[in-house]
């Protein structure tokens, strides 16, 4: 059974770019099995791509190769990287698009260095900077490394070449300053909307683990509304509701409706949870 | 050759949900061959999903497994089901999303029970309620049975486990009250728009079989317009035209244009066909 | 390893049509490996499909079969064709959708006959008109040859049947009058926007080869703006910029922005390049 290679990009499905990458991969590894994660990332929205990638990649078999091309810095001096975690391999620009993956593959919170926007990798994570042109298409277009560098590297990885084939080991990778909720006085947890899904559900950076096990008496404030209590499922209750979603984050939804439209909400909006007490 | 598993959902292609289901399936059956039917079903539009599924599934090889996740009741007490027809197997919530499939796999019109919104299956159709958690992911998210119940069940089905592995036989399934044309005096057949496709073609519930073999003198009234005669193809004639489309239904189209925009038409609109005579 | 069959259409991803074609192909050749090029071609936009197909197909392995269904003339007397080039096979309506592929597979510029809108194929290119119904689904819907003629022919091709199986050789195919830049006095090259991609980049018909090797002093005028010099990558400079894109064409882009929106540009707009001197 050929290796699985997933693809994530901001290329959209209305053009030739995704197919060009798939053609390149199949030309190098005809046995590769290609699975799209998402190509409708907003143009150059690294944060959104980082989130969606991390929400999907954990469900793939061990050893899956994830190709990620959201790359506003293509053709500049940003690095290209291969990252190997205990579960999977990633081929991507070094621009923070692997931030959630790195965080979730790490035992400790990332030590984010604000000046360099980098974090040190834990020893379980192996990364190389892609510098060996032997595996690239030639000539390389300065505007489409997805086709000429990332796709070929992913394809050769899928044929069993180890990460070290493609360049030198690195231990610092660019990461985004991932939003995290903080605790305020009066039993408040203050977080933010980090993603809005196709149903208009607001996904926050507040994890179920950030809330007390006893959710009785919890209230959620967002966009001027107050929601009392947590539900289990979207189909429970009426109107606005809050629940712990399938990725473990607190979500705000509307039964059979669109919470983002209802609240005119957007990524970054504050969400305040009052736990227990009054 | 691995089993074919198709996927239909209202998850859209702009998020991680479809990929998560695919990862789950490939983790259980690495040989499964995944084919998307459609993920751009309007959120929670069971009727639209039922139609699109039925318009595609008959063209797949015998034994194909169709996974359908349009599931506004996820996490509530709606049942999850496996349906086996002589041609294929379906894994879906029991909410009517298989209505057209069940109707088209049945020799007689469905006996729809308005009070329970159910129909009795004919003996050729075998259904089970999915109740055996042995095949599910654990824990099951109350908001994403697609990933945690439906996808694993489809994957295990694709590995050859019979439907009975997953739960108890049932003989009554939820169905939608499918719109059907009726005959009125004066040689009228009165139907409705049941689907609007990507070209803006209006697909009605009137089948070619509902019309006389001699279509000379037929006229179609929709949205205040009258169309005279039937054409064979979209490229014949000018302006608004009517024809029998590729699924056997009467369609209203505009040559090189968009009939839904032209007529401001929507699903449910009435379409009146006057057959023969004057 | 099964043959690769790509699919390009204007069917969109919101309906059953693409899946129906895939089901038909897999029913005939269960080993076929299906790859989507693009299904979001604007309805009936033959020129756009021709461009996107040509921008993707060259990256697939030799022998790939490309199925193209953008077919406003379906059911009329337009021909259906199989085209074999040294690199690939194409199954498509004979309506110009293979124009770029034919041009790029030819040593000389196409001799376009304005009266018949056809061009004579060079001997390296083999074409047949699809006339042998033995390989079609039966009955053929006059409105969906994609499902009933093109998909089955592509599937049988992928099983190794030679093009001659499907009909008689032809040497003249319909082509579009492809826009080409012309030279004007004062070192001007006058071209046009031929495509706008997902990022809003304007792709012109001016190839890097049409410009002097020394690009110092070049200026590009489009939509009332003047851009000085060429950049290498989208991430260089600020605001509007021009560069040679990944398919070898001059492009106009905005760093981290959308040039088509900025300039209210559309396909067909004039782009004037002043080379060298002043």
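Protein chains in written order, with this note's numbering: chain S, 32 to 309; chain P, 32 to 309; chain F, 32 to 309. Note that beta-carbon positions come from the ideal geometry of N, C-alpha and C, so glycine has one too. Bear in mind that the values here come from a model prediction, so they are computed numbers and not experimental data.
Leaving out the 5 sequence neighbours to the left and right, which residues in its chain are closer than 7 Å to residue i when beta-carbon positions are compared?
{"i": "residue 208 of chain P", "result": "143"}
{"i": "residue 182 of chain F", "result": "52, 55, 56, 98"}
{"i": "residue 82 of chain S", "result": "131, 225, 226"}
{"i": "residue 174 of chain S", "result": "105, 106"}
{"i": "residue 268 of chain P", "result": "262, 286"}
{"i": "residue 85 of chain P", "result": "131, 132, 135"}
{"i": "residue 228 of chain P", "result": "234"}
Mind checking residue i: buried by the 16 CB within 10 Å criterion, or exposed?
{"i": "residue 312 of chain P", "result": "Outside the displayed span of chain P (32 to 309) sits residue 312 of chain P, for which this structure offers no information."}
{"i": "residue 145 of chain F", "result": "exposed"}
{"i": "residue 14 of chain P", "result": "Only positions 32 to 309 of chain P appear in this structure, which leaves residue 14 of chain P out of reach."}
{"i": "residue 70 of chain F", "result": "buried"}
{"i": "residue 103 of chain F", "result": "buried"}
{"i": "residue 195 of chain P", "result": "exposed"}
{"i": "residue 270 of chain F", "result": "exposed"}
{"i": "residue 155 of chain S", "result": "exposed"}
{"i": "residue 48 of chain F", "result": "buried"}
{"i": "residue 127 of chain F", "result": "buried"}
{"i": "residue 205 of chain F", "result": "buried"}
{"i": "residue 115 of chain P", "result": "buried"}
{"i": "residue 11 of chain P", "result": "Because chain P in this structure spans residues 32 to 309, residue 11 of chain P falls outside the shown range and cannot be described."}
{"i": "residue 108 of chain P", "result": "exposed"}
{"i": "residue 124 of chain P", "result": "buried"}
{"i": "residue 120 of chain F", "result": "buried"}
{"i": "residue 147 of chain P", "result": "exposed"}
{"i": "residue 277 of chain P", "result": "buried"}
{"i": "residue 135 of chain P", "result": "exposed"}
{"i": "residue 169 of chain F", "result": "exposed"}
{"i": "residue 78 of chain P", "result": "buried"}
Between residue i and the ligand ZN, is there a pair consisting of the residue's CB and a ligand heavy atom that are separated by less than 7 Å?
{"i": "residue 293 of chain P", "result": "The model depicted lacks the ligand ZN and carries no ligand whatsoever."}
Once you ignore the five residues that flank residue i on each side, which residues in its own chain have a CB closer than 6 Å to its CB?
{"i": "residue 122 of chain S", "result": "98, 113, 181, 184, 185"}
{"i": "residue 176 of chain F", "result": "105"}
{"i": "residue 231 of chain P", "result": "289, 290, 291, 292"}
{"i": "residue 273 of chain F", "result": "251, 258, 261, 283"}
{"i": "residue 294 of chain F", "result": "254"}
{"i": "residue 215 of chain S", "result": "221"}
{"i": "residue 93 of chain F", "result": "118"}
{"i": "residue 172 of chain P", "result": "179"}
{"i": "residue 298 of chain P", "result": "224"}
{"i": "residue 33 of chain P", "result": "62, 63, 64"}
{"i": "residue 190 of chain S", "result": "60"}
Residues bridged to residue i by DSSP?
{"i": "residue 303 of chain S", "result": "S/221, S/252"}
{"i": "residue 121 of chain P", "result": "P/97, P/114"}
{"i": "residue 275 of chain F", "result": "F/281"}
{"i": "residue 244 of chain F", "result": "None; residue 244 of chain F has no bridge partner."}
{"i": "residue 48 of chain S", "result": "Looking at the DSSP assignment, residue 48 of chain S forms no beta bridge with any residue, so it has no partner."}
{"i": "residue 161 of chain F", "result": "F/198"}
{"i": "residue 66 of chain S", "result": "S/37"}
{"i": "residue 176 of chain S", "result": "Its beta-bridge partners do not exist; DSSP assigns none."}
{"i": "residue 203 of chain S", "result": "S/151"}
{"i": "residue 234 of chain S", "result": "S/226, S/282"}
{"i": "residue 106 of chain P", "result": "Paired residues: none, contrary to the question."}
For residue i, collect the residues of the same chain with a Cβ closer than 8 Å to its Cβ; drop the 5 residues on either side in sequence, then sort them by chain order.
{"i": "residue 309 of chain P", "result": "Reliability of the predicted coordinates at residue 309 of chain P is poor, the pLDDT of 44 falling under 50, and the value obtained from them is presented with this limitation in mind. Taken in chain order, the residues that qualify are 248."}
{"i": "residue 139 of chain P", "result": "153"}
{"i": "residue 37 of chain S", "result": "65, 66, 67, 68, 87, 88, 91, 95, 96, 97, 98"}
{"i": "residue 73 of chain S", "result": "41, 79"}
Fill in: Positions along the region 269 to 298 of chain S whose CB lies within less than 7 Å of some CB in chain P
For chain P, the residues of the region 269 to 298 of chain S that bring a beta carbon within less than 7 Å of one of its beta carbons are 274, 276, 277, 287, in chain order.
Practice prompt. State whether the region 237 to 246 of chain P contacts the region 301 to 308 of chain P, with contact taken as three or more CB pairs (one from each stretch) at a distance under 8 Å.
Written response: In short, these stretches touch, since the Cβ pair count reaches three.
Worksheet item: In chain order, what residues of the region 72 to 91 of chain P put their CB closer than 9 Å to some CB of chain S?
Response: Result list: 74, 75.
Fill in: Within 9 Å of chain S by C-beta, residues of the region 51 to 68 of chain F in sequence order
Hits within the stretch, in order: 64, 66, 67, 68.
Worksheet item: Using a Cβ cut-off of 7 Å, which residues of the region 178 to 193 of chain P contact any Cβ in chain S, in chain order?
Response: Residues of the region 178 to 193 of chain P that bring their beta carbon within less than 7 Å of a beta carbon in chain S comprise 178, in sequence order.
Practice prompt. Note down, in chain order, all residues in the region 228 to 247 of chain F with a beta-carbon under 7 Å from any beta-carbon belonging to chain S.
Written response: So the list reads 228, 229, 230, given in the order they occur along the chain.
Fill in: Residues, ordered as in the chain, of the region 158 to 180 of chain S that lie near chain F by beta-carbon distance below 7 Å
Across the region 158 to 180 of chain S, CB contacts with chain F closer than 7 Å involve 172, 173, 174, 175, 178, in sequence order along the chain.
Worksheet item: Mind listing which residues of the region 99 to 131 of chain F have their C-beta closer than 7 Å to chain P's C-betas, in chain order?
Response: For the region 99 to 131 of chain F, which is checked against every Cβ of chain P, the residues closer than 7 Å are 103, 104, 105, 106, 107.
Practice prompt. Closer than 8 Å, Cβ to Cβ, to anything on chain F: give me those residues from the region 194 to 207 of chain S, in chain order.
Written response: From the region 194 to 207 of chain S, no residue has a Cβ closer than 8 Å to chain F.
Worksheet entry | Positions along the region 37 to 48 of chain S whose CB lies within less than 7 Å of some CB in chain F | 42, 43, 44, 45, 46, 47: these are the residues of the region 37 to 48 of chain S whose beta carbon lies less than 7 Å from some beta carbon of chain F, given in chain order.
Fill in: Interface residues of the region 245 to 264 of chain P facing chain F [CB-CB below 7 Å]
Taking 7 Å as the Cβ-Cβ cut-off against chain F, the residues of the region 245 to 264 of chain P that qualify are 263, 264.
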